[in-house]
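Data first, discussion second: the structure below is written as structure tokens.
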């Protein structure tokens, strides 16, 4: 018996002189992403890298993105490790030009799905490779920063729900057990938590923080919270310097390398500024404005003089 089921509609587009067919399956970007049997691969050591700890692939994985970005993200998600992810190669695979793809990749970077990174091949070699890390699960800047500095592993991602209290809060709460003169209340711990968190983010361990805050205390401490605040502020360690040699994040748009915390959303300040500049009203040319004022003034003066001659 012949089936009455109709095949899905097929749309053709021309890209670089080639005609490509794209099948649309019920507006599902995951199904729509057209991955060729053998996608172009980057040079050995380069290309796509998959970030750890992603959620399972579903039809709703990119539902929060606009249609174009969702389509491209689905394509990138299904690319194998080491696949080429430059705009020129992607333009040959997808129904979008290089400029549109560049804009979409910037949007995916700001949405937390990818980061451009240059990495050393090994600690003993000075050769660098350029990779694009892709995450089906959107990540914030803090997660990407931890991942690129080696603080995130698949095992950590698979852990259960996060602890109810932060490590900084627990360290402050433990001060009273280490030395009764620095016993803090719950309100004190919550108020001082941001300062303690800065210590931990700069490479200080929990034990080192407790030891530093309780060392050399005066015989009598009348205000444990005030003294702890003073020590947290005055003895604050310098920011931890990212060791050279492992990874450097790049701006997704212009490929300028920089520290992860300086590339919010994967973009440098200049590229963020270009995006903001497009929404500003055009500036007025001061010289043109001054010339117009002088011309109006001369016209008014001539009119006044003609009136007096009469």
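Numbering (the numbering used here), first residue to last: 1 to 310. Note that CB positions come from ideal geometry on N, CA and C, so glycine has one too.
Top-ranked residue by Cα proximity to residue 45, from 150, 287, 254 and 127: 127
Rounded C-alpha distance that separates residue 261 from residue 200: 16 Å
Contact check, residue 108 vs residue 73, beta carbons under 8 Å: Yes, these two residues count as a Cβ contact at 8 Å.
Cβ pair residue 233, residue 195 closer than 8 Å: In this structure, residue 195 lies closer than 8 Å to residue 233 by Cβ.
Residue 39: CB within 7 Å of a non-hydrogen atom of the ligand GDP: Only the bare structure without any ligand can be found here, which leaves the ligand GDP out of the picture.
Given 8 Å, three or more beta-carbon pairs between the stretch 60-78 and the stretch 208-220: Taking one beta carbon from each stretch, the stretch 60-78 and the stretch 208-220 have fewer than 3 pairs nearer than 8 Å; the two do not touch.
Contact between the stretch 134-143 and the stretch 286-300 (3+ Cβ pairs under 8 Å): no
Beta-carbon proximity of residue 255 to residue 116, cut-off 8 Å: Going by C-beta atoms, residue 255 is nearer than 8 Å to residue 116.
From 84, 104 and 295, residue whose alpha carbon lies closest to that of residue 130: 84
Proximal residues to residue 97 (C-beta, below 7 Å), its chain only, five neighbours per side dropped: Excluding sequence neighbours, residue 97 sits near 91.
Proximity below 8 Å, CB of residue 253 to CB of residue 263: no
Beta-carbon separation (whole angstroms), residue 104 vs residue 68, contact threshold 8 Å: Yes, residue 104 and residue 68 are in contact; Cβ-Cβ is about 6 Å, under 8 Å.
Residue span of the alpha helix (DSSP H) that contains residue 47, given as start and end: Residue 47 -> not in any alpha helix (DSSP H); beta strand (DSSP E) instead, spanning 47-50.
Top-ranked residue by Cα proximity to residue 247, from 226, 180, 235 and 258: For the residues 226, 180, 235 and 258, the minimum Cα distance to residue 247 belongs to 258.
Residue range of the alpha helix (DSSP H) that includes residue 352: Residue 352 lies beyond the range of the chain shown here (1 to 310); nothing can be said about it.
DSSP state of residue 294 mapped onto helix, strand, coil: helix
Under 8 Å between C-beta atoms of residue 193 and residue 174: no
Coarse secondary structure for residue 96, derived from DSSP in three states: coil
Sheet register partners of residue 258 (DSSP bridge): 249
Beta-ladder partner(s) of residue 117, from DSSP: Here residue 117 is bridged, per DSSP, to 131 and 249.
For residue 41: DSSP bridge partner residues: 83
Classification of residue 188 by the beta-carbon crowding that lies within 10 angstroms, buried from 16 upward: buried
Selection from 53, 178, 94 and 111 that minimises the alpha carbon distance to residue 62: Selected option, being the one with the closest Cα: 111.
Collapsed DSSP secondary structure at residue 221 in the structure displayed: Assignment of residue 221 by DSSP, reduced to helix, strand and coil, places it in the coil class.
Three-state secondary structure (DSSP) of residue 65: coil
Residue burial classification, residue 132 (beta-carbon count within 10 angstroms, cutoff 16): buried
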